[in-house]
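S.K.:
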Amino acid sequence: MAYYRRVGEVPRQRHTQLRGEDGRLRYEELMGEEGFSSDSSLLYHRGVPTAITASETWELPDLATAPNHPLRPLHLQLHALFDDAEAKAFDAVTARRLVLGNADVRISYVVAGEASPYYRNAIGDECVFVEEGAGVVETVLGVVPYRAGDYVVIPRATTHRWVPAELSRLYAIEANSHIAPPKRYLSRFGQLLEHAPYCERDLHGPDEPLLVDGTDVEVLVKHRGPGPSGVVGTRMTYSTHPFDVVGWDGCLYPYTFNVEDYMPITGKVHQPPPVHQVFEGYNFVVCNFLPRKVDYHPLSIPVPYYHSNVDSDEVMFYVAGDYESRKGSGIGLGSITLHPGGMAHGPQPGAVEASLGVHEFDETAVMVDTFRPLEVGEAGAATDDGVYAFSAARGSGGGAG
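Given below as C-alpha cells:
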C-alpha cells in the first residue's frame, strides 16, 4: 500500500531487539515485495516463523482452462454454480470454482458459509469482491472485517482465513503479480492524488494484532509449479501458530475498500471505462461501474458507443441495479459477460434510444480487462448459456459498456 501503518508492539528502531514481558526475544520478519526494493512491512513474532514440521501435497480443485475457440462472446450465469443450502458448509478457499483465466490472472467464484482453512497465495495478490455477505478475514497482520461492496485486497504470501458471519458470495480475482491503485492516481511518492476517485481514508487495514496460540498448525499454500495450470498446492504444518505477531509496521498489509466510497468521474458526454478504474495488476485492470449522474450535453447518448478493444478481453460482472446498456438482454444479476479483444461490442440495440434523456444510472458492475486472451475454466463452461454470442442477430444482443 501507499501509506505507512503501525500496529501493536514494535521497537523504536527497525532491526533492533524487541522483548516480551518474560524477556524472550521477538523474531523479526521482513515481508517485502520485489526483493528489498518495494513496499514492505516488519512483523514481530513470538515463535520462529520458518519452523515447519511437515509438507504434503494439497490437491487443488480443477484449474484447467480451454481456449475460447471458435471465438465468441460469452454469457456466464454464476449464481447457478452454488446451491445456497449446500454452500453453508463450503469455505471461501477450497470451494472456489475457476470461471476464466490466463497466465496473468484467474477469476473464480464461491459462495461460502464456513470458516476456511488457513491459506496463503504465494503466486500473487488477491482482490476479492464481496457481492453479498459479511464477516472477517483473519490475517497474520490482524483482522479485516468485510461487508457487501468491499474489495478485500490481500498481498501475496499473507497467511489468512475467511470467517463468514453470514453466507458470502465472493468474486475472487487472483493475480500472478501485485494489485495496486492505478499509477496515474499516485504522486511520485505514492500518495493518492486529488483527481483520484478515492483516497487513503477509504482504505481500511487491521487496527490491532491478532494473537492466537497453537501448535502444529496447517496452512494451505498455493504456489507456482508444473502442470497445465502452472499452479499447485502444498499443505505446510507449522510448529507454532502463524498468528503470533505482536506488532508490525510498514506499507504492506491487507485492506478493504468499499464501492460506496468510490467517487465516479462523469462528463459532458459518455466517459470511457478507464475513468472507472479502481485497481491494476500486471496485464489487467479492475474497474467498477456505479450509480452516478451521467452526461449533461443536450445531445448526449448516455450508454456507451460500440467499441472494439483490439488489445484486451473485457469481463463484466453484474452486481446490482439495472445496467443501462444491458436492458432487455436477459442478463441478470450474478451474470458475467466476456467480450474478446478485437470484436466490436456495445449496448443492446434498443438501449441507445431508451437512454436518451436519462440523467442517472442505477447500476453496479465490476469489470476486469485483460491484455492476454482469457480461457474458460470449468465453472465458466458449466454456466455458459450457449446463445449469447448470437443474440444480437435476434435483436436482443450487444456487448458490455
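Using the UniProt record's numbering, the letters of the sequence shown correspond one by one to residues 1 to 401. We put the beta carbon where it would ideally sit given N, CA and C, even for glycine.
1. Is DSSP giving residue 380 helix, strand or coil here?
2. When you compare only the Cα positions, how much space is there between residue 73 and residue 369?
3. Taking DSSP as the reference, what is the three-state secondary structure of residue 276?
4. Which residue comes first and which comes last in the alpha helix (DSSP H) that contains residue 355?
5. Runs of 4 residues minimum, wholly inside the segment 29-70: which ones carry the alpha helix (DSSP H) assignment?
6. When the Cα atoms are used, what is the spatial distance from residue 16 to residue 38?
7. Which first and last residues belong to the beta strand (DSSP E) in which residue 249 is found?
8. Would residue 397 be called buried (16 or more neighbouring beta carbons within 10 Å of its own) or exposed?
9. What are the boundary residues of the beta strand (DSSP E) that residue 103 is part of?
10. Look at residue 130 and residue 168 and say whether their C-beta atoms are less than 8 Å apart.
11. Give the DSSP bridge partners of residue 166, in chain order.
12. Using only the alpha-carbon positions, how far apart do residue 319 and residue 306 sit?
13. Mapping DSSP to helix, strand and coil, what is residue 185?
14. For residue 83, count neighbouring Cβ atoms within 10 angstroms of its own Cβ and tell me buried if that reaches 16, exposed if not.
15. Between the beta-carbon of residue 13 and the beta-carbon of residue 334, is there less than 8 Å?
16. Assuming residue 321 and residue 295 form a contact by the criterion Cβ under 8 Å, report the distance between their Cβ atoms to the nearest whole angstrom.
17. Out of 216, 27, 301, point me to the one whose CA is closest to residue 352's CA.
18. Would you kindly report the start and end of the unbroken alpha helix (DSSP H) that includes residue 260?
19. Please say whether residue 269 and residue 279 have beta carbons closer to each other than 8 Å?
20. Can you tell which of 112, 316, 244, 190 has the C-alpha that lies nearest to the C-alpha of residue 209?
21. Whose C-beta lies closer than 8 Å to the C-beta of residue 68 among residues of the same chain, with five residues either side of it excluded?
M.R.: According to the data block:
1. helix
2. 14 Å
3. helix
4. 351-355
5. none
6. 21 Å
7. 245-250
8. Residue confidence is low: residue 397 scores 37 on pLDDT, short of 50, so the model does not pin down where it sits. No coordinate-derived value is stated.
9. First-last for residue 103: undefined, no H or E at that position.
10. yes
11. DSSP, once it has assigned bridges, lists no residue as partnering residue 166.
12. 22 Å
13. helix
14. exposed
15. no
16. About 18 Å; that fails the 8 Å criterion.
17. 301
18. Segment: none, residue 260 is in no alpha helix (DSSP H) and carries neither H nor E.
19. no
20. 244
21. 74, 338, 340, 373, 374, 375, 376
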